[in-house]
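Numbering (this note's numbering), first residue to last: 1091 to 1380.
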Ligand SMILES: *[C@@H]1O[C@H](CO)[C@@H](O)[C@H](O)[C@H]1NC(C)=O
């Protein structure tokens, strides 16, 4: 089926998640379908008049309701402080949500799951590929994040201020924790694993960040329970129906907007005399690339 709309929100739908909206087209056809054959063609006037009256009443109710709805949306948009809002260009491009269902079975196979291998690493690399993007001075001002220490991108790289997406950082943290859970395999593959202090600091940082992500979103969907074979206690059904963003699209968006830097490895070096802000405690900071 050729379509401009993505048929697979998030990524690798066949193995990762189940798209439960896939037959909505056929439901629509059934709903709007032609009148069954053999139906009476005799025209009566009173049902037509009654229908027109009902139509007028319902359309005026609908107009009122949709006006209220728009006002409510507008109210929400203007009362959410600018400094807490998601980045508008990203929301406009890849903020759309799609019907989705978690694959929540306990032993659910997944390309991202299980003993590490080249294949598992490749699956994770695809969803953790990130990079810096360029945002404007006004973007930083709105967030209350414009400082004299803000990192500017070189003019030959397009200028603007350096930024990256929070979702990408969250996934990076999850991947680091995954690698830590298989640390024998990754001991000599990930630079930070060779220094116990840096490793501990990174892992504690990731746990702290993901704790705040989970507490901030305080997901209010419900998990339901079933009786299942071979188990005499209530068994949770983690396959929750959701509205999800498309992760692949977000990664593509980052890649397309990736700020090119002229620096080696694409990592900037602090220029001489740059204004700095202090970060404490200093022993947690390691030099070199992250
Ligand atoms: C940068 O701003 C801070 C406070 O916002 C100030 O204390 C510092 O002197 C400034 N540094 C430079 C180099 O302008």
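For each residue, glycine too, the CB sits at the ideal point set by N, CA and C.
Every value quoted in this text rests on a predicted model; they were computed, and no experiment measured them.
Reduced DSSP category for residue i - H, G, I as helix; E, B as strand; rest coil
i: residue 1308; result: coil
i: residue 1319; result: coil
i: residue 1186; result: coil
i: residue 1202; result: coil
i: residue 1103; result: In this predicted model, residue 1103 has a pLDDT of only 36, less than 50, meaning its place in the structure is not dependable; the value taken from the coordinates is given anyway. Looking at residue 1103 - three-state DSSP - the assignment turns out to be helix.
i: residue 1275; result: helix
i: residue 1302; result: helix
i: residue 1228; result: helix
i: residue 1365; result: coil
i: residue 1360; result: coil
i: residue 1333; result: strand
i: residue 1253; result: strand
i: residue 1207; result: coil
i: residue 1353; result: coil
i: residue 1264; result: helix
i: residue 1170; result: coil
i: residue 1370; result: coil
i: residue 1285; result: coil
i: residue 1146; result: helix
i: residue 1176; result: coil
i: residue 1233; result: helix
i: residue 1181; result: helix
Contact under 9 Å by Cβ, residue i with residue j
i: residue 1224; j: residue 1353; result: no
i: residue 1324; j: residue 1317; result: yes
i: residue 1332; j: residue 1192; result: yes
i: residue 1255; j: residue 1177; result: yes
i: residue 1276; j: residue 1206; result: yes
i: residue 1251; j: residue 1226; result: yes
i: residue 1221; j: residue 1344; result: yes
i: residue 1172; j: residue 1232; result: yes
i: residue 1304; j: residue 1194; result: no
i: residue 1366; j: residue 1244; result: no
i: residue 1268; j: residue 1214; result: yes
i: residue 1253; j: residue 1285; result: no
i: residue 1218; j: residue 1180; result: no
i: residue 1272; j: residue 1289; result: no
i: residue 1364; j: residue 1189; result: no
i: residue 1234; j: residue 1242; result: no
Bridge partner(s) assigned by DSSP for residue i
i: residue 1348; result: 1223
i: residue 1326; result: 1315
i: residue 1192; result: Paired residue(s): none; residue 1192 is not in a bridge.
i: residue 1036; result: Within the shown structure, residues of the chain are numbered from 1091 to 1380, placing residue 1036 beyond reach of any answer.
Residue environment, residue i, which counts as buried when at least 16 other CB atoms sit within 10 Å
i: residue 1279; result: exposed
i: residue 1340; result: buried
i: residue 1357; result: exposed
i: residue 1266; result: buried
i: residue 1315; result: exposed
i: residue 1184; result: buried
i: residue 1282; result: buried
i: residue 1296; result: buried
i: residue 1129; result: Interpretation of residue 1129 is limited by its pLDDT of 38, a score under 50 that renders its predicted location unreliable; no figure is taken from the coordinates.
i: residue 1306; result: exposed
i: residue 1119; result: Confidence at residue 1119 is low in this model, with a pLDDT of 26, below 50, so the placement of that residue should be treated as unreliable; the coordinate-derived value is given next. Exposed: under 16 other Cβ atoms inside 10 Å.
Chain C contact for residue i (CB, 9 Å cutoff)
i: residue 1344; result: Absence of chain C from the displayed structure is noted, only one protein chain being present.
Residue i beta carbon near ligand 2 (any heavy atom closer than 8 Å)
i: residue 1220; result: As for ligand 2, it is missing from this structure, which binds only ligand 1.
Neighbourhood of ligand 1 [Cβ distance below 7 Å to any heavy atom], ordered by chain position: 1237, 1238, 1239, 1365
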